[in-house]
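Participant:
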Amino acid sequence: MKSVLITGTSKGFGYALLEEFLNEGWIVFALARNVSLFSKLSEQYKNTCVSIEADVTNENVSKLIDEIIKSRTDHLDLLINNAGNAELCFGIDNVTPMDLENHFKVHVSGVFRVIKTCLPFLIKSIEPIIVNVSSRKGSINKINSGAYRILLPYQIAKAAQNMLTVGLNQELKDTNIKVYAIQPGNLKTDVAPIDADTEPHVAAETFYQWITSENKLSTQNFYDLMNNTSLDW
Ligand SMILES: NC(=O)c1ccc[n+]([C@@H]2O[C@H](COP(=O)([O-])OP(=O)(O)OC[C@H]3O[C@@H](n4cnc5c(N)ncnc54)[C@H](OP(=O)(O)O)[C@@H]3O)[C@@H](O)[C@H]2O)c1
766 MKSVLITGTS
776 KGFGYALLEE
786 FLNEGWIVFA
796 LARNVSLFSK
806 LSEQYKNTCV
816 SIEADVTNEN
826 VSKLIDEIIK
836 SRTDHLDLLI
846 NNAGNAELCF
856 GIDNVTPMDL
866 ENHFKVHVSG
876 VFRVIKTCLP
886 FLIKSIEPII
896 VNVSSRKGSI
906 NKINSGAYRI
916 LLPYQIAKAA
926 QNMLTVGLNQ
936 ELKDTNIKVY
946 AIQPGNLKTD
956 VAPIDADTEP
966 HVAAETFYQW
976 ITSENKLSTQ
986 NFYDLMNNTS
996 LDW
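If you count by this note's numbering, then the sequence shown holds residues 766 to 998, one letter each, in order.
1. With a threshold of 16 other CB atoms inside 10 Å of the CB of Ser-910, please say whether the residue is buried or exposed.
2. Under a three-way DSSP split, which group does Ile-771 fall into?
3. On the DSSP bridge list, what partners appear for Lys-943?
4. In whole angstroms, what is the alpha-carbon distance linking Thr-742 and Arg-837?
5. Among Gly-779, Ser-899 and Phe-794, which has the Cα closest to the Cα of Val-826?
6. Out of curiosity, what's the CA-to-CA distance linking Leu-843 and Ser-804?
7. Please report the straight-line C-alpha distance between Leu-996 and Asp-989, rounded to a whole angstrom.
8. Is the beta carbon of Leu-782 sitting closer than 8 angstroms to the one on Asn-867?
9. Does the count of Cβ pairs from the segment 922–941 and the segment 898–908 closer than 8 angstroms reach three?
10. Following the continuous beta strand (DSSP E) through Glu-964, name the residue where it begins and the one where it ends.
11. By Cβ distance below 6 angstroms, which residues in the same chain neighbour Ala-797 in space, the five residues on each side in sequence not counted?
12. Could you check how far apart the C-beta atoms of Pro-949 and Val-860 are, in whole angstroms? I think they sit under 8 angstroms.
13. Just the Cα atoms here: how many angstroms apart are Tyr-810 and Asp-820?
14. Can you tell me which of the three DSSP states Thr-882 falls into?
15. Is Thr-984 closer than 8 angstroms to Asn-927 when the C-beta atoms are compared?
16. Report the rounded CA-to-CA distance for Ser-978 versus Phe-972, giving the unit in angstroms.
17. Nearest to Gly-932 by alpha carbon, out of Asn-993, Phe-877 and Ile-771?
18. Would you please state the rounded distance, in angstroms, between the beta carbons of Ile-942 and Ile-976? I believe it to be under 8 angstroms.
19. In chain order, what are the residue ranges of uninterrupted beta strand (DSSP E) at least 3 long that sit wholly in the segment 787–865?
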């Protein structure tokens with residue numbers, strides 16, 4: 766049975782991914798700050814939905830992930846770093862250094878912490894994959910061209926997360942682990958952009974088709990899931 770750990774499964778895209786992978790028969794380690802928000806799925810999939818109640822910014826998350834994965838399996842096939850925050854602090858006067866740090870803690874050091882913890886399990890899979898759910902707004906090229914309204918903390922954090930993705934691919938190139946950065950679509954979630962046009966469950970189904978297909982674009986690309994193209998980094 767294939768296994769996946771997904772962060773941020775309490776709502777939005779993470780919840781939709783949780784439902785999709787459970788439907789497809791995977792063991793899902795579902796990490797959220799409040800696991801009661803998906804208790805219906807935990808009850809429906811008693812044997813395959815494994816809750817991890819944790820915050821990715823908290824150091825204790827590593828011990829918990831390690832213990833809970835070990836209690837069920839010795840390997841992990843897929844890690845999806847989906848948890849994300851996006852405070853709407855537009856304009857330099859409304860942004861504090863703490864806002865930058867808060868976003869960095871979730872999108873970069875939080876992602877790094879979860880990846881480091883999962884590596885010993887991923888390495889034991891035949892085709893291990895890490896997907897970092899990034900954003901088109903983390904594209905330095907797009908921001909430089911004036912494509913989007915500036916939202917510094919979120920955009921800086923996602924750009925830094927993209928650097929983590931490409932750096933890890935270099936670091937891990939002698940292993941079988943692949944690390945992808947994706948733009949998941951313009952999703953109708955709590956942090957929906959003004960041009961949101963996609964239901965999270967539609968993006969989750971598309972994600973499942975993509976991740977299980979043989980012919981994915983290489984990890985050199987910043988993958989735009991719903992358009993099946995690559996974005997500028
Ligand atoms: N919506 C879009 O169009 C869009 C576009 C591009 C990229 N993205 C990215 O896609 C991902 C999912 O976004 P979404 O639209 O589904 O947003 P969402 O509905 O706000 O969901 C975000 C999820 O992340 C969780 N989370 C936040 N901080 C966390 C932490 N410190 N530890 C653990 N979980 C945490 C939230 O948990 P709580 O319930 O506890 O807050 C929630 O489950 C994010 O990384 C986002 O940046 C979204």
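Where is the CB? At the ideal position from N, CA and C, for every residue including glycine.
Facilitator: Taking the structure as given:
1. So Ser-910 counts as exposed.
2. Strand.
3. Looking at the DSSP assignment, Lys-943 forms a beta bridge with Ile-894.
4. Past the edges of the chain, shown from 766 to 998, lies residue 742, and the structure says nothing about it.
5. Taking the Cα of Val-826 as reference, the smallest distance to any Cα among Gly-779, Ser-899 and Phe-794 is reached at Phe-794.
6. When rounded, the distance between both Cα atoms is 22 angstroms.
7. Those two C-alpha atoms are separated by around 6 angstroms.
8. The Cβ-Cβ distance between Leu-782 and Asn-867 does not fall below 8 angstroms.
9. Touching, yes, given that three or more Cβ pairs across the two stretches are closer than 8 angstroms.
10. In this chain, Glu-964 is not harboured by any beta strand (DSSP E), its DSSP state being neither H nor E.
11. So the qualifying residues of the chain are Thr-774 and Ser-775.
12. Wrong, their Cβ atoms sit about 25 angstroms apart, outside the cutoff.
13. The C-alpha of Tyr-810 lies about 23 angstroms from the C-alpha of Asp-820.
14. Helix at Thr-882.
15. Taking the C-beta atoms as reference points, Thr-984 is found no nearer than 8 angstroms to Asn-927.
16. About 10 angstroms.
17. Restricting attention to Asn-993, Phe-877 and Ile-771, the CA atom closest to the CA of Gly-932 is found in Phe-877.
18. That pair is no contact at about 14 angstroms.
19. Counting only runs of 3 or more, we get 792–797, 814–818 and 843–846.
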